[in-house]
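Structure first, commentary second.
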Amino acid sequence: MYNRMVYVDEIDITSALISSHFSIGDVHRASPWSKVLAVQKEGSEFVSDTFNFEDFPIFSLQPTSPLPPITISSFHYQNQAIYVNDIHVTGVSTSGIVQVGGIEHIDSISRTKHIRVLSDEQ
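The opening residue of the sequence shown carries number 25 in our numbering; numbering runs sequentially from there.
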């Protein structure tokens, strides 16, 4: 992996959250992961600990095996610095990556379960 200098004039990121990564420079490995239970409930009463990750099979599934690496024809400048003028990112979330530079390996997992609890369904 190369260790190059990165020169960025301006970066504007509005939102970066939930296990997201923002990196400048060359990175060997990034492994963001997240488990999210998103509950939308009608009404004003909130009861915590109503749902558990263990109650939903999606959170206990093993990830599939990664695909074999692919080779593409490209060109690169091994010892040249990276120059970037302006970057604008509205949002990066839930195991997403914004990378200015090279990255050798990405292993990202996001498991999200959305639940809606409506008054007429209770």
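Ideal Cβ positions, reconstructed from N, Cα and C, are used throughout, including at glycine.
Considering residue i, what are the terminal residues of the beta strand (DSSP E) in which it resides?
{"i": "I130", "result": "127-130"}
{"i": "R135", "result": "133-141"}
{"i": "Q64", "result": "57-65"}
{"i": "V71", "result": "Careful: V71 lies outside any beta strand (DSSP E) and carries neither H nor E."}
Rounding to the nearest angstrom, what Cα-Cα distance links residue i and residue j in this structure?
{"i": "R28", "j": "H52", "result": "12 Å"}
{"i": "S132", "j": "W57", "result": "6 Å"}
{"i": "Q104", "j": "I42", "result": "33 Å"}
{"i": "H45", "j": "S39", "result": "11 Å"}
{"i": "K137", "j": "S89", "result": "22 Å"}
{"i": "G67", "j": "V32", "result": "47 Å"}
Buried or exposed, going by whether 16 or more other CB atoms sit within 10 Å of the CB of residue i?
{"i": "V182", "result": "The first residue shown for the chain is 25 and the last is 146, placing residue 182 beyond what the model contains."}
{"i": "G120", "result": "buried"}
Taking the CB atoms as reference points, tell me whether residue i and residue j lie closer together than 9 Å.
{"i": "I106", "j": "V30", "result": "yes"}
{"i": "S47", "j": "V108", "result": "no"}
{"i": "R140", "j": "K65", "result": "yes"}
Which one or two residues does DSSP pair with residue i in a beta bridge?
{"i": "D110", "result": "E34"}
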